[in-house]
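Q: Numbering (the numbering used here), first residue to last: 24 to 150. Heads up, the beta-carbon is just placed ideally off N, CA and C, and yes, glycines get one too. Bear in mind that the values here come from a model prediction, so they are computed numbers and not experimental data. Structure provided below as structure tokens; questions to follow.
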């Protein structure tokens, strides 16, 4: 019976040591857990800050692109107005509708050729 009591005390002591070890392991796991939570919080904050920075930079670049497009459009319009391209474009369209190129297929006599040549001269004068 004494031996059983001694074995029980040894088992109890070993169990207490085991429980002490488990407690130490639990504390270490808790430290790791807290560290991981802290790092996740830092990463979350850094990610949020990075997203905000990217949004601001995106807004800046969009504004720059918009300003550049506006300036380019303004310069093209100024160039268009300066050289009166709208007027020239209209004149070309009008000429295209007015001018009909004479056909040479039916011109066999010198009079026909003179008539075609006369039409070509008129076209050249208009241009």
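Tell me the rounded alpha-carbon separation between residue 35 and residue 50.
A: To locate residue 35, count along the chain shown from 1; it is residue 12. To locate residue 50, count along the chain shown from 1; it is residue 27. Roughly 22 Å between the two C-alpha positions.
Q: In the DSSP assignment, the alpha helix (DSSP H) including residue 38 goes from what residue to what residue?
A: For this step, residue 38 is matched to residue 15 along the chain shown. Residues 25 to 105.
Q: Distance, Cα to Cα, residue 71 vs residue 77?
A: Taking the first residue of the chain shown as position 1, residue 71 is located at position 48. Taking the first residue of the chain shown as position 1, residue 77 is located at position 54. Computed Cα separation, rounded: 10 Å.
Q: What separation, rounded to the nearest whole angstrom, lies between the Cα atoms of residue 74 and residue 102?
A: Sequence index remark: in the chain shown, residue 74 carries index 51 (1-based). Sequence index remark: in the chain shown, residue 102 carries index 79 (1-based). Straight-line Cα distance between these residues: approximately 41 Å.
Q: Whole angstroms are fine: how far does the CA of residue 38 sit from the CA of residue 32?
A: One-based indexing of the chain shown puts residue 32 at position 9. One-based indexing of the chain shown puts residue 38 at position 15. For residue 32 and residue 38, the distance between alpha carbons rounds to 10 Å.
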